[in-house]
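K.L.:
Number of protein chains: 2
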Amino acid sequence: MEPAPEPQELPGQRGPQQHEMRERIVRAAEQRFRHYGYGKTTVSEIATDLSVSSAYIYKFFDSKIAICEAVCGNLLGGIDEALWADARTSRTAAERLRRTYHILLERSLAMFFDDRRLHDMVVTGLEQRWASISRHIEVMEEVARFLVQEGRASGEFERKTPLDEVAKAVASTFSPFCHPVLLEHGLDGDLAARADAVATIVLRGLSA
Amino acid sequence: MEPAPEPQELPGQRGPQQHEMRERIVRAAEQRFRHYGYGKTTVSEIATDLSVSSAYIYKFFDSKIAICEAVCGNLLGGIDEALWADARTSRTAAERLRRTYHILLERSLAMFFDDRRLHDMVVTGLEQRWASISRHIEVMEEVARFLVQEGRASGEFERKTPLDEVAKAVASTFSPFCHPVLLEHGLDGDLAARADAVATIVLRGLSA
Chain A
1 MEPAPEPQEL PGQRGPQQHE MRERIVRAAE QRFRHYGYGK TTVSEIATDL
51 SVSSAYIYKF FDSKIAICEA VCGNLLGGID EALWADARTS RTAAERLRRT
101 YHILLERSLA MFFDDRRLHD MVVTGLEQRW ASISRHIEVM EEVARFLVQE
151 GRASGEFERK TPLDEVAKAV ASTFSPFCHP VLLEHGLDGD LAARADAVAT
201 IVLRGLSA
Chain B
1001 MEPAPEPQEL PGQRGPQQHE MRERIVRAAE QRFRHYGYGK TTVSEIATDL
1051 SVSSAYIYKF FDSKIAICEA VCGNLLGGID EALWADARTS RTAAERLRRT
1101 YHILLERSLA MFFDDRRLHD MVVTGLEQRW ASISRHIEVM EEVARFLVQE
1151 GRASGEFERK TPLDEVAKAV ASTFSPFCHP VLLEHGLDGD LAARADAVAT
1201 IVLRGLSA
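Chains as they are written, first to last, in the numbering used here: chain A, 1 to 208; chain B, 1001 to 1208.
(1) From B:Val1052, B:Phe1146, B:Ala1195, B:Phe1174, pick the residue whose C-alpha is nearest to that of Arg1088 of chain B; which is it?
(2) What first and last residue would you give for the alpha helix (DSSP H) that runs through Phe1113 of chain B?
(3) Closer than 8 Å, CB to CB, is Arg1194 of chain B near chain A or not?
(4) Assign Phe1174 of chain B to one of three DSSP states: helix, strand, or coil.
(5) Can you give me the Cβ contacts of Ala1004 of chain B inside the same chain, cut-off strictly under 7 Å, excluding the 5 residues immediately before and after it?
(6) Quick one, which residues of the segment 36-50 of chain A are near chain B if we go by CB-CB under 7 Å, in chain order?
(7) Using a Cβ-Cβ cut-off of less than 8 Å, give me the residues of the segment 1165-1176 of chain B that come near chain A, in sequence order.
(8) Measuring CB to CB, does Gly1012 of chain B end up less than 8 Å from Ile1065 of chain B?
(9) Give the straight-line distance between the Cα atoms of Leu1118 of chain B and Leu187 of chain A, rounded to the nearest whole angstrom.
(10) Give me the residue from A:Tyr38, A:Asn74, A:Gly37 with the minimum Cα distance to Arg24 of chain A.
(11) Would you list, in sequence order, the uninterrupted alpha helix (DSSP H) runs of no fewer than 4 residues that lie entirely inside the segment 12-59 of chain A?
(12) Given a limit of 8 Å on CB to CB distance, which residues of the segment 125-138 of chain A reach chain B?
(13) Check whether the Cβ atoms of Asp86 of chain A and Arg96 of chain A lie closer than 8 Å to each other.
(14) With a Cβ-Cβ cutoff of 8 Å, do Phe157 of chain A and Ala197 of chain A count as a contact?
(15) My parser needs the alpha helix (DSSP H) runs of 4 or more residues fully inside the segment 141-196 of chain A; what are they?
(16) Measuring only between beta-carbons, confirm whether Val1026 of chain B sits less than 8 Å from chain A.
(17) Take Met121 of chain A as the anchor and find which of A:Gly205, A:Glu30, A:Glu20 has the nearest alpha-carbon.
(18) Please report whether the beta-carbon of Ala1197 of chain B lies at a distance below 8 Å from any beta-carbon of chain A.
(19) Checking the sheet assignment: what are the DSSP bridge partners for Ser1207 of chain B?
(20) With a threshold of 8 Å between beta-carbons, can Arg1204 of chain B be considered close to chain A, or not?
(21) Looking at chain B, is there any beta carbon in it that lies within less than 8 Å of the beta carbon of Val122 of chain A?
(22) Can you tell me whether His19 of chain A is buried or exposed? The criterion is at least 16 other CB atoms within 10 Å of its CB, across all chains shown.
(23) Taking 8 Å as the threshold (C-beta atoms), are Val170 of chain A and Ala144 of chain A in contact?
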């Protein structure tokens, strides 16, 4: 159940996967996207920031949108790391699952709403079904599965329902707290209280 | 807990609320939106379909977008009626709540994906925070609250958790099965099985 630590291969990427320049391009692009937005950033500006030619950047990415997807993958990967880091602590599985809702909510809000331009970038990615977003959805399901297994092993959770069914169902209940479009609709209300209420019902539903 | 049967007052509407012409305009507009899309339909074409002047239409709606919101409200209202009709049957509250997930899924899929142009119309409405959509979200929460109350009255569900908290939490778990953007991402998988798995956990969580 451990997540693979190697970097995800995303579409539109070229050349050596592990290369310091690839990371520098993604970091420079992220800064540009944060300050000027995706639409107003050009590959040539990213190249200038790094004192390289555009042609050199195209050795690593075949388009601006491929760079954008890598930025998106990096940011979502940060959320995934936070989820895994907490999922592996020594708290009870129930506590860890409840915390998962809150971590997901806090990190997603920070990612999507501290900077509206990144929100728009991810909504674009959702419409285009980016691989980085599918990967994030998979990780949330893996974290749910891991925690359900942990709770079954410790005797906290029931063991009759097929694990896969339960993991998918639990991950489905994360949606209002991690999806940029749903989060936006929920901003008027108390999302943290709602996340906690969902966690309470789900934990009762899982309990042995 | 009964829903108000009177028509919802939506923004951009003018003149008499109860008027046969208002309904005829909304029906004619819906046909146009289904066949040609929202963007390609003009108020003058809707007027021609009804053999009236555009000026006459503007006595009821102050813009094309106000007509569009009324169409959207009508369609979502149809889903709401189906939810209430089932919620008031004599089955157990648990059965009715499980059916709510499936009815919501089936009706939402039919509305959003039988005709892609309507999907786009509702996504536009979500972005613009239309009152008709907020109303639909409220109704889903009212149905959830009604069924939780029914299950508490019959002794099927626990009564300790505050009703409002539980109703909001249950309604949150409907999201992946009623939201056009989330439904679209789920189309690859078995949404009905997923809805059933969520219903199973939630019902366990609610049980006395």
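For each residue, glycine too, the CB sits at the ideal point set by N, CA and C. Quantities reported herein were computed from a predicted structural model and do not represent experimental measurements.
P.N.:
Let's see:
(1) Per the Cα distances, B:Phe1146.
(2) 1093-1113
(3) Yes, contact with chain A.
(4) Phe1174 of chain B carries a coil assignment under DSSP once its states are collapsed to helix, strand and coil.
(5) The pLDDT assigned to Ala1004 of chain B is 42, lower than 50, so where the model puts this residue is not dependable; a value taken from the coordinates is nonetheless given after this. No residues qualify anywhere along the chain.
(6) none
(7) Glu1165, Val1166, Lys1168, Ala1169, Val1170, Ser1172, Thr1173, Ser1175, Pro1176
(8) yes
(9) 26 Å
(10) If we check each option's Cα against that of Arg24 of chain A, A:Asn74 comes out closest.
(11) 20-36, 43-49, 54-57
(12) Flagged, chain order: Leu126, Arg129, Ile137.
(13) yes
(14) Phe157 of chain A places its beta carbon 8 Å or farther from that of Ala197 of chain A.
(15) As far as the segment 141-196 of chain A is concerned, its whole alpha helix (DSSP H) runs of at least 4 residues are 163-172, 180-186.
(16) no
(17) A:Glu30
(18) yes
(19) B:Phe1157
(20) Cβ-Cβ to chain A under 8 Å: yes for Arg1204 of chain B.
(21) no
(22) exposed
(23) In this structure, Ala144 of chain A lies near Val170 of chain A, with their beta-carbon atoms less than 8 Å apart.
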